[in-house]
Amino acid sequence: MGNPNDPNTVVDPELRVKNVKGLRVVDASVMPLIPWGNTFTSTMMVAEKGSDIIKKSIECDKIVPLVSRDDPNSPNFPDNVHANFIFEFANTMDLARNNAYDSPVQNNPVLPLLLAILASQRNSPKVSESLRHKEYDYIIVGAGSAGSVVASRLSEILCVNVLLLEAGPTPPLLNDVPVLSRNFWGTDIDWNYRTVSQKHSGFGLVNRQVVWPSGKGLGGSSLLNAMIYVRGNTKNYDDWAAHGAVGWSWSDVKPYFLKLDDNTDQEYISDGYHVVGGPISVQKPRYQADFKKPLIQSAQQLGYKIVDVNGPSQNSPDFSHSEITLHNRKEIPIRT
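Per full-length UniProt numbering, residue 1 is the first one in the sequence shown, and the count goes up by one each step.
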């Protein structure tokens, strides 16, 4: 992404592919420079901003509600049906949540069998394998960390038909368990890429080819990552703008990071870099390794501060807590 007059750029700052009508690229590949952090969060930001760019070109002659009581073809549900269903479902979920253990009983002999069963189960919205509409306003290729966001945002406009295509399968239930994503490398939800033979790394690997996990399924690489939520340094995005990506400076992209955010760490919300209410729940990990507390104490005794890695104090030589995407003790794949 960059200046349209630059022969080295493929897409302009509106994410339109140069000289190709009706085609945009909205994913991590458009980044002019890689941010100083995990690209997962930046990719979702690109999708949020890209969705807004696309929405500006949409004109609806008439907004038609999905279900109308004045439409004889709409299902005629009593007023209390939907509310009662949601209430009973919520009660069922609360019952399971309130009686759940904080952590698995690791020595229970039944646990391996339970995990094996969970690994074979699929947990995701029903996926249509038929194209019911002959025409679609937008066709999105790939239901990954960017495509899922774009599809969700465009689907908010009721006059728009959106088709989301994904080559991979529905992920197993066990994929929702935090820190188990590493176990799904090399499975059917991984494209199983490997790099070319490396000259300066990969010495202990066959042909010096490094494993390059890339998610194949609803959620994309969010199925395989470590849930790390790092936006990168504010300078990264100012550098984007300086390289020709006008409209992508830190001040331009910050609102889209905030649009994603649902931060549960009260100590961070007050700094203006986090909010609540977004679709991505962000928090510090509840589990802390035994060595972390003395490490933090030692750093503080030496005069270092403990700062927010996604906050305003990014350029100081301090320590920070990591943040992850976690909700109700479950990993948050972007398909949700």
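In this text, a Cβ means the ideal position worked out from N, Cα and C, and glycines have one as well.
| Contact belief for S320 with I306 at Cβ below 8 Å, rounded distance in angstroms | Position 320 of the sequence shown holds residue 320. Position 306 of the sequence shown holds residue 306. That belief holds up - the Cβ atoms of S320 and I306 are roughly 7 Å apart, short of 8 Å.
| Grouping DSSP H, G and I as helix and E and B as strand, with all else coil, what is I228? | Indexing the sequence shown from 1 puts residue 228 at position 228. Taken through DSSP and simplified to helix, strand or coil, I228 comes out as strand.
| query | Do the CB positions of G215 and D27 come within less than 9 Å of each other? | reply | On the sequence shown, position 215 is the one that residue 215 refers to. On the sequence shown, position 27 is the one that residue 27 refers to. Not closer than 9 Å, so no.
| task | Consider the Cβ of P285: report whether some Cβ of chain D lies at a distance smaller than 9 Å. | result | No chain D is part of this structure, which consists of one protein chain only.
| request: Look up I269 in the DSSP assignment and say whether it is helix, strand or coil. | output: Numbered from its first residue, the sequence shown carries residue 269 at position 269. Of the three classes helix, strand and coil, the one that applies to I269 here is helix, per DSSP.
| query | Does the separation of the CB atoms of L154 and I189 fall below 9 Å? | reply | Here residue 154 refers to the residue found at position 154 when the sequence shown is read from its first residue. Here residue 189 refers to the residue found at position 189 when the sequence shown is read from its first residue. Cβ atoms of L154 and I189: not closer than 9 Å.
| task | Starting from Y193, follow its DSSP beta bridges and name the residues at the other end. | result | Stepping through the sequence shown from its first residue, residue 193 is reached at position 193. Paired residues: W212.
| message | Can you find the residues in the same chain that come closer than 6 Å, C-beta to C-beta, to G202, ignoring five residues on each side of it along the sequence? | response | For the purposes of this step, residue 202 is identified with residue 202 of the sequence shown, where counting begins at 1. Correct list, in chain order: R208, V210.
| request: Look at the Cβ atom of I58, then the Cβ atom of I157, and state whether they are nearer than 9 Å. | output: Taking the sequence shown and counting its residues from 1, the one referred to as residue 58 is at position 58. Taking the sequence shown and counting its residues from 1, the one referred to as residue 157 is at position 157. The beta carbons of I58 and I157 sit closer together than 9 Å.
| field | Within 9 Å, strictly: CB atoms of I324 and A242 | value | The residue labelled residue 324 in the question sits at position 324 within the sequence shown. The residue labelled residue 242 in the question sits at position 242 within the sequence shown. Cβ distance not < 9 Å, so I324 and A242 don't count as in contact.
| query | Measuring CB to CB, does G37 end up less than 9 Å from R231? | reply | Translated into the one-based positions of the sequence shown, residue 37 becomes position 37. Translated into the one-based positions of the sequence shown, residue 231 becomes position 231. A contact, by the Cβ cut-off of 9 Å.
| said: So, at 7 Å on beta carbons, what are the nonlocal neighbours of P4 in its own chain, with the 5 sequence-adjacent residues on each side left out? | reply: For the purposes of this step, residue 4 is taken as residue 4 along the sequence shown, with counting starting at 1. When the five nearest sequence neighbours on each side are left out, the beta carbons in the same chain lying within less than 7 Å of the beta carbon of P4 are those of D12, K18, in order along the chain.
| request: Classify S221 as buried or exposed, calling it buried when 16 or more other Cβ atoms lie within 10 Å of its own Cβ. | output: Looking up residue 221 in the sequence shown gives position 221. Taking all protein chains shown into account, S221 has 16 or more neighbouring C-beta atoms within 10 Å of its C-beta and is therefore buried.
| field | Exposed unless 16 or more other CB atoms sit within 10 angstroms - verdict on A167 | value | Position 167 of the sequence shown, counted from the start, is the residue given in the question as residue 167. Classification of A167: exposed, given that the 10 Å Cβ count is below 16.
| query | What three-state label does DSSP hand N315 in the structure shown? | reply | In the sequence shown, residue 315 corresponds to position 315, counting from 1. Assignment of N315 by DSSP, reduced to helix, strand and coil, places it in the coil class.
| task | In the DSSP assignment, find the alpha helix (DSSP H) that holds Q301 and state where it starts and stops. | result | By 1-based counting over the sequence shown, the position of residue 301 is 301. Per DSSP, the continuous alpha helix (DSSP H) segment holding Q301 begins and ends at 292-301.
| In terms of DSSP beta bridges, what is H200 paired with? | Stepping through the sequence shown from its first residue, residue 200 is reached at position 200. The partner list for H200 (beta bridge, DSSP) is empty, contrary to what the question assumes.
| task | Reducing DSSP to helix, strand and coil, say where I306 ends up. | result | The residue labelled residue 306 in the question sits at position 306 within the sequence shown. Reduced to three states, the DSSP call for I306 is strand.
| said: Between the region 264-274 and the region 285-304, can you find at least three pairs of beta-carbon atoms closer than 8 Å? | reply: Judged by pairs of C-beta atoms under 8 Å, the region 285-304 does not touch the region 264-274, as fewer than three such pairs exist.
| task | Report the three-state DSSP secondary structure of I54 (helix, strand or coil). | result | Here residue 54 corresponds to residue number 54 of the sequence shown, with the count starting at 1. I54 falls in the helix class under three-state DSSP.
| request: Take the Cβ of R16 as the centre, count every other Cβ of all protein chains shown within 10 Å, and call the residue buried at 16 or more, exposed below. | output: Within the sequence shown, numbered from 1, the residue matching residue 16 stands at position 16. R16 should be labelled buried.
| Among D61, V276, M45, the one whose alpha carbon lies nearest that of C159 | The sequence position of residue 159 within the sequence shown is 159, counting from 1. Comparing alpha carbon positions, the residue from D61, V276, M45 closest to C159 is D61.
| query | From what residue to what residue does the beta strand (DSSP E) around V282 run? | reply | Working through the sequence shown from its first residue, we reach residue 282 at position 282. Its beta strand (DSSP E) spans residues 280-283.
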